[in-house]
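Read in order, the letters of the sequence shown are residues 354 to 585 in the working numbering. Note that the Cβ used here is the ideal one computed from N, Cα and C, for glycine as well. Just so we're clear, the structure is a prediction, and the values are computed from it rather than from any experiment. Data first, discussion second: the structure below is written as structure tokens.
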Amino acid sequence: LKLQFLYFIATSVLHKKPMESVRADQSTSLRLSLVLGTVMALDFMIVYLSIFDYWTTDLGGSIHAFGLVFACYDLTQMIFIPVFGVGVKYVGFRKLYILSLLLNLVGNVLYSTAMNGDSDTATFRFVSGRLIAGVGSASFVLILGQLVMTVPISHRGEGFVMFRMYTFFGRFFGPLLGYILLYIPESNLGDLKFDGKTLPGWVVAVLDLLLIVLYCSPLFKEPERVRNDVDA
């Protein structure tokens with residue numbers, strides 16, 4: 354863990370160069386998408402300390418099925434990455450980013466409300482929430498595509514390191530935030546239960562909503578392919 358943290362600090366030094374090489378009208382959009390990468394990495398890791406107890410104790414799920422339940426998020430991400438990669442050519446980046454965030458938001462709400470309502474469908478809501486959230490996280494491929502389009506080839510390697518830095522940030526602080534949420538006292542709002550097991554999903558859902566607003570705003574501009582150094 355210490356080595357990973359040192360890696361994070363070291364790659365932060367490289368952050369300036371690739372962003373300076375991006376056109377001024379594209380840099381804000383790229384930063385926004387890199388933040389999205391952080392949120393998606395956070396989404397995967399924030400449940401790390403609570404999902405097992407949530408599945409086995411609160412929902413009465415089988416221990417033997419837990420591996421599949423946890424990994425189904427990655428499964429749908431893997432399936433939909435090529436779908437998003439092809440789809441961006443037809444509908445553009447903005448619409449797919451917003452769609453991915455909406456799916457991730459819905460998935461996290463289903464995950465967080467699995468214990469509410471009919472107990473017979475709790476397992477279905479839990480698993481479907483993980484599956485749908487995983488589809489939303491396939492936006493990673495859009496971020497990489499945007500990076501390739503907007504960062505000149507001379508700084509593209511550093512750009513990929515920068516992308517790795519942002520995702521590492523989410524993976525590093527996800528379990529830490531999840532650990533802090535475990536110590537928040539349980540509370541209720543109507544039928545909704547908020548505790549250390551359901552709050553991770555709500556936190557990410559709120560972040561998704563904020564990003565949707567930003568992607569709908571003029572802050573985001575559709576990426577335009579940069580003229581590569583080799584073509585200059």
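Between which residues of its own chain and residue i is the CB-CB distance below 8 Å, once the five residues before and five after are set aside?
{"i": "I496", "result": "S386, L387, L389, G390, F516"}
Tell me the rounded alpha-carbon separation between residue i and residue j.
{"i": "L535", "j": "F526", "result": "14 Å"}
{"i": "L530", "j": "F446", "result": "30 Å"}
{"i": "Y450", "j": "A475", "result": "29 Å"}
{"i": "A424", "j": "V504", "result": "33 Å"}
{"i": "K546", "j": "G498", "result": "39 Å"}
{"i": "P576", "j": "R509", "result": "15 Å"}
{"i": "A467", "j": "G523", "result": "24 Å"}
{"i": "G460", "j": "L484", "result": "7 Å"}
{"i": "I586", "j": "K442", "result": "The structure shown does not extend to residue 586, since the chain is modelled only from 354 to 585, so the question has no answer here."}
{"i": "L542", "j": "L402", "result": "24 Å"}
{"i": "K574", "j": "M502", "result": "13 Å"}
{"i": "L560", "j": "P435", "result": "25 Å"}
{"i": "L456", "j": "A418", "result": "24 Å"}
{"i": "M518", "j": "L412", "result": "35 Å"}
{"i": "F493", "j": "I416", "result": "30 Å"}
{"i": "S570", "j": "R384", "result": "14 Å"}
{"i": "F397", "j": "V557", "result": "10 Å"}
What residue does the alpha helix (DSSP H) around residue i start on, and which one ends it?
{"i": "L500", "result": "493-503"}
{"i": "L529", "result": "509-534"}
{"i": "I506", "result": "Element bounds for I506: n/a, residue is neither H nor E."}
{"i": "G489", "result": "475-489"}
{"i": "S433", "result": "Residue identity check: residue 433 is Phe in the sequence provided, not Ser. Where F433 is concerned, the enclosing alpha helix (DSSP H) stretches over 419-444."}
Looking at the strands, I want to know which residues DSSP matches up with residue i.
{"i": "F547", "result": "S540"}
Less than 6 Å between C-beta atoms, sequence neighbours within five positions excluded: which residues of the same chain meet that for residue i?
{"i": "W555", "result": "S465"}
{"i": "V410", "result": "Here residue 410 turns out to be Thr, not Val, going by the sequence shown. Closer than 6 Å at Cβ, skipping near neighbours: no residue."}
{"i": "G487", "result": "Y426, T429, Q430"}
{"i": "F433", "result": "V488, A491"}
{"i": "T551", "result": "S465"}
{"i": "R578", "result": "M502"}
{"i": "Q379", "result": "T503"}
For residue i, which residues from the same chain have a beta carbon less than 7 Å from its beta carbon, with the 5 sequence-adjacent residues on both sides left out?
{"i": "T381", "result": "L572"}
{"i": "S540", "result": "F547"}
{"i": "A394", "result": "T520, G523, R524, G527"}
{"i": "S481", "result": "L463"}
{"i": "V583", "result": "With a pLDDT of only 48 at V583, under 50, the local geometry of the prediction cannot be trusted, and no value is derived from it."}
{"i": "R478", "result": "L463, T466, A467"}
{"i": "P553", "result": "I399, V400, S403, G531, L534"}
What three-state label does DSSP hand residue i in the structure shown?
{"i": "P553", "result": "helix"}
{"i": "S465", "result": "helix"}
{"i": "L412", "result": "coil"}
{"i": "K574", "result": "coil"}
{"i": "V400", "result": "coil"}
{"i": "D561", "result": "helix"}
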